[in-house]
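If you read the sequence shown in this note's numbering, its first letter stands for residue 1, the second for the next number, and so on.
Just so you know, even glycine gets a beta-carbon here, dropped at the ideal spot from N, CA and C.
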Amino acid sequence: MGESEYRFCPKCGRKVEAISVSLGVEGVERLRCSNCGAFLEADNSEETFREALLSDTDQGAFSDESIVIPTYDAVMVAGYRPELMNIIVNEISRKNLARTVIPCENGEEVILKLIPDLNNPDGNHINLLILDVPMPYLNGINAAIGIRAIEKTYPKHSLIPILFLTRKPIDDTFKKVIKYLAPAKYAGLGPSDNPKELVPRLSRIITLLSQESW
Numbered sequence: 001m002g003e004s005e006y007r008f009c010p011k012c013g014r015k016v017e018a019i020s021v022s023l024g025v026e027g028v029e030r031l032r033c034s035n036c037g038a039f040l041e042a043d044n045s046e047e048t049f050r051e052a053l054l055s056d057t058d059q060g061a062f063s064d065e066s067i068v069i070p071t072y073d074a075v076m077v078a079g080y081r082p083e084l085m086n087i088i089v090n091e092i093s094r095k096n097l098a099r100t101v102i103p104c105e106n107g108e109e110v111i112l113k114l115i116p117d118l119n120n121p122d123g124n125h126i127n128l129l130i131l132d133v134p135m136p137y138l139n140g141i142n143a144a145i146g147i148r149a150i151e152k153t154y155p156k157h158s159l160i161p162i163l164f165l166t167r168k169p170i171d172d173t174f175k176k177v178i179k180y181l182a183p184a185k186y187a188g189l190g191p192s193d194n195p196k197e198l199v200p201r202l203s204r205i206i207t208l209l210s211q212e213s214w
């Protein structure tokens, strides 16, 4: 029996064993997730952030200790239900990723809070956005597109990095959106709401964010 192949599954939000299946009369080979059955992308060239997140070989680089100097001045977090928002905010604070964490209910609130910060004569303090995609009123993708349009009216302003931390699977269309919104990245939130599984994953994502150069 050949060695098992593992690939990132957007639906499961983690690396899974890939199963090769033949499709159609021509027997075209495709890879499917052994867990949920979703088809898997063969090209992982844009998976750098997720590969670091999922790699077991790099575990030593990601300690559970707090970051000595906060990487970000202010992080805005938006679109998560209250229980999940509390976990995310608590982990950001516990790991000392940012001096300030600003929770928002939806994309509209993100924009309304961001504009005064952009107009700050001392320079903006919000320098990372963590967004879910499904949100009431204005979803994460539309909010991000709106933010990029607003940022164009501030020529001296550096674009704010965006992390889509979501359970929405990443498909080709979503990849194109993320590329258009650069600097932007994706991290799968994972299927579980169990804090015992969710907190270690968030801790690892936050450590990656502290090391990310965007």
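Check: Under three-state DSSP, which class holds VAL21?
Finding: strand
Item checked: 3 or more residues per run - each beta strand (DSSP E) lying fully within the region 128 to 172 -> 162 to 166
Notebook entry, point to check: Span of the beta strand (DSSP E) holding ARG99?
Noted result: 98 to 104
Note to self: Going by C-alpha to C-alpha distance, which of ASN139, LEU138, PRO161 and PRO136 sits closest to ARG148?
What the structure shows: PRO161
Check: Are VAL89 and PRO70 close, meaning C-beta to C-beta below 8 Å?
Finding: no
Checklist line | For LYS185, the residue or residues it bridges with in DSSP | finding: LEU163
Notebook entry, point to check: Apart from the five residues just before and just after PHE39, which ones in its own chain have a Cβ nearer than 6 Å to its Cβ?
Noted result: ARG30 and ARG32
Checklist line | Same chain only: Cβ atoms within 8 Å of ASP56, ignoring 5 sequence neighbours per side | finding: Unreliable positioning characterises ASP56 in this predicted model, as indicated by a pLDDT of 40, which lies under 50. A coordinate reading is not provided.
Note to self: DSSP has TYR6 in a bridge; who is on the other side?
What the structure shows: GLU17
Check: So the beta strand (DSSP E) ASP73 belongs to, where does it begin and stop?
Finding: 72 to 78
Next item on the list: Helix, strand or coil for LYS196, going by three-state DSSP, please let me know.
Entry: helix
Notebook entry, point to check: Roughly how many whole angstroms lie between the Cα atoms of ARG201 and GLY140?
Noted result: 21 Å
Margin query: According to DSSP, simplified to helix, strand and coil, what is GLU29?
Written below: strand
Check: Would MET78 pass as a contact of ASN120 if the rule is Cβ separation under 8 Å?
Finding: Residue identity differs from the one stated: residue 78 is Ala in this sequence, not Met. Cβ atoms of ALA78 and ASN120: not closer than 8 Å.
Check: Between ALA184 and ALA144, which are expected to be in contact by the criterion C-beta below 8 Å, what is the C-beta distance as a whole number of angstroms?
Finding: 7 Å
Item checked: Helix, strand or coil at LEU202 according to DSSP, with G and I counted as helix -> helix
Check: Can you give the Cα-Cα distance for ASP58 and GLU91, rounded to whole angstroms?
Finding: Caution applies to ASP58, whose pLDDT of 39 falls short of 50 and renders its modelled position unreliable; the value that the coordinates give is listed next. Cα to Cα, ASP58 sits roughly 21 Å from GLU91.
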